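Trainee: When we follow full-length UniProt numbering, the leftmost residue of the sequence shown carries the number 1, and every step to the right adds one.
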Amino acid sequence: MSEPTELPFHSTDNNNTTMAVNIPLKVMFAAPDVDLLSPPSKHEYYTQNSNSPKPLISFGIISDIQYADNDDCWNYDKTRLRRYRNALKLVNEACSQWKKIHDETPLLFILQLGDIIDGICFQNKKSDEDLQTILEPFNQLKSDIHCQIYHHWGNHEFYNFKRDTLHSSPLCSFNTKQIYPAYYGTFEVCKHLRVISLDTYETSALGVDETSTIYQQALDMLTKHNKNEDLNSPENLRGHQKRFVLFNGGISDKQLEWLNKQLTEASKNKEKVIITGHIPIHPSACEHLCLLWNYKEVLDTLWQYDCVIAVICGHGHDGGYFRDRKNIHHLTFPAIVETDPNTNAFATAHVYPDCLLIQGVGRISTYQIDCQLENILTSS
Numbered sequence: 001m002s003e004p005t006e007l008p009f010h011s012t013d014n015n016n017t018t019m020a021v022n023i024p025l026k027v028m029f030a031a032p033d034v035d036l037l038s039p040p041s042k043h044e045y046y047t048q049n050s051n052s053p054k055p056l057i058s059f060g061i062i063s064d065i066q067y068a069d070n071d072d073c074w075n076y077d078k079t080r081l082r083r084y085r086n087a088l089k090l091v092n093e094a095c096s097q098w099k100k101i102h103d104e105t106p107l108l109f110i111l112q113l114g115d116i117i118d119g120i121c122f123q124n125k126k127s128d129e130d131l132q133t134i135l136e137p138f139n140q141l142k143s144d145i146h147c148q149i150y151h152h153w154g155n156h157e158f159y160n161f162k163r164d165t166l167h168s169s170p171l172c173s174f175n176t177k178q179i180y181p182a183y184y185g186t187f188e189v190c191k192h193l194r195v196i197s198l199d200t201y202e203t204s205a206l207g208v209d210e211t212s213t214i215y216q217q218a219l220d221m222l223t224k225h226n227k228n229e230d231l232n233s234p235e236n237l238r239g240h241q242k243r244f245v246l247f248n249g250g251i252s253d254k255q256l257e258w259l260n261k262q263l264t265e266a267s268k269n270k271e272k273v274i275i276t277g278h279i280p281i282h283p284s285a286c287e288h289l290c291l292l293w294n295y296k297e298v299l300d301t302l303w304q305y306d307c308v309i310a311v312i313c314g315h316g317h318d319g320g321y322f323r324d325r326k327n328i329h330h331l332t333f334p335a336i337v338e339t340d341p342n343t344n345a346f347a348t349a350h351v352y353p354d355c356l357l358i359q360g361v362g363r364i365s366t367y368q369i370d371c372q373l374e375n376i377l378t379s380s
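Below you can see the structure in the form of structure tokens.
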């Protein structure tokens, strides 16, 4: 399928009114092109040979790898070519680049945003084998530079494994004993900067027993809005309603309460916050088909605070970007599995005292997120 020459890009005017303009594709995705909403960075996109100031710390971001030891083939609706084995090659390239970056500035962790293997692995009865294969470059990187890998769970994890199994697998990066069977957590990036990772499939019909309360609640929510026999189909659904499909999910009231508590504490401690998860939570940052079921409740929670600077997700294979009315940057990372062999789709985030610079490679643009940490850091 050929790519369009232009994509809609959402911007805001001085009155915070959202407007859509067409940005040439080469501008939208060319790295290291700057986010058009931000002024040029004085850091000039730090590289090993740059004379610009070094970041405090750095971390990597990658999503929707969907590796499988399988020939390339089309997705379920025959619209996207999935390059399964090429995904391993691109992950190896990303890990090699992250290792080089660590030689100059501390690269502390990797955000793997979910869908690390494809559902076809289960059909091939190779879920465990293919998972071990794609984990090898991450494990080697972890051994080489002593970084942490924070795995997120997407729909393809649940096509391959039950939720119970994932809790005891290498893909469980948080201590979930107190919140089981949910999977969410938080950690400090550096002083006054925190990541909060959400379980965007806590309410879901995927990966749970069909007799469970979770399954029944999710099915009730789905069938209330989606009347199709195939619940993965958005047929006859319009606009935001397209999100009510089986491969999406939602967040429970309990997790929302936890999120509210975490944001209260972050505000009290003068921390800035990065939200992460698999499913996007803003309809302008992804196609409506890839949106969290109860995104409005999550946004309402985030908008009560001034500490959230970014929401970083995957799931929407084309990627996306939007800066909302509360100045939160919503980034949706494009899928590795649908990336051409001659390019890539990962990023390295550099934390400076005055901004978070997300430096994209290949399909991913570079974004400067002003987070005004300088006064906070120097006054502590």
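Where a beta carbon is used, it is the ideal one built from N, C-alpha and C, also for glycine.
Just so it is clear, the structure is predicted and the values come from calculations on it, not from any experiment.
1) Quick check: what's the CA-CA separation for ILE101 versus TYR201?
2) Kindly indicate which three-state DSSP category HIS192 falls into: helix, strand or coil?
3) Assign VAL34 to one of three DSSP states: helix, strand, or coil.
4) Below 8 Å on the Cβ atoms is my contact criterion, and I expect ASN70 with PRO341 to pass it. Report the Cβ-Cβ distance as a whole number of Å.
5) Which complete alpha helix (DSSP H) runs does the region 61 to 129 hold, if anything under 4 residues is left out?
6) Extract the residue ranges of the beta strand (DSSP E) inside the region 195 to 242, only unbroken runs of 3 or more that lie entirely within it.
7) Hey, quick one: how far does the beta strand (DSSP E) through LEU356 stretch, first residue to last?
8) In angstroms, rounded to a whole number, what distance separates the CA positions of ALA266 and LYS272?
9) Output needed for ASN232: all residues of its chain with C-beta closer than 8 Å, excluding positions within five of it in sequence on either side, in chain order.
10) Is LYS242 buried or exposed, if buried means 16 or more other CB atoms sit within 10 Å of its CB?
11) Okay, do the region 281 to 292 and the region 184 to 191 touch, 3+ Cβ pairs below 8 Å being the bar?
12) What residue range is occupied by the uninterrupted beta strand (DSSP E) comprising ASP306?
13) Would you mind reading off the limits of the alpha helix (DSSP H) that contains TYR159?
14) If the criterion is Cβ atoms closer than 7 Å, does the pair ALA347 and GLY360 meet it?
15) If you drop the 5 nearest sequence neighbours on each side, which residues of the same chain put their C-beta closer than 7 Å to that of HIS240?
16) By Cβ distance, which residues of its chain are closer than 6 Å to ALA30, with the 5 residues on each side in sequence left out?
17) Which two residues bound the contiguous alpha helix (DSSP H) that contains LYS272?
18) By the 10 Å Cβ neighbour count, where 16 or more other Cβ atoms means buried, how is LEU166 classified, buried or exposed?
19) Select from CYS147, SER252, ASN228, LEU237 the residue whose C-alpha is nearest the C-alpha of THR213.
20) Tell me which residue opens and which closes the beta strand (DSSP E) that LEU292 is part of.
21) Taking C-alpha atoms, which residue in GLY154, GLY185, GLU235, ALA94 lies nearest to GLN262?
Mentor: Straight from the coordinates:
1) 33 Å
2) coil
3) Unreliable placement is indicated for VAL34, whose pLDDT of 34 sits below 50; no coordinate value is reported for it.
4) About 16 Å; that fails the 8 Å criterion.
5) 84 to 102, 120 to 123
6) none
7) 355 to 362
8) 7 Å
9) TYR76, VAL245, LEU246, PHE247
10) buried
11) no
12) Note, ASP306: premise wrong, no beta strand (DSSP E); not H, not E.
13) 155 to 160
14) yes
15) PRO283, HIS288, LEU291
16) Since pLDDT at ALA30 reaches only 30, below the 50 mark, its modelled position is unreliable, and no value is offered.
17) Segment 272 to 276 is the beta strand (DSSP E) holding LYS272; no alpha helix (DSSP H) there.
18) buried
19) SER252
20) Looking at the DSSP string, LEU292 is not in any beta strand (DSSP E), and its letter there is neither H nor E.
21) GLY185
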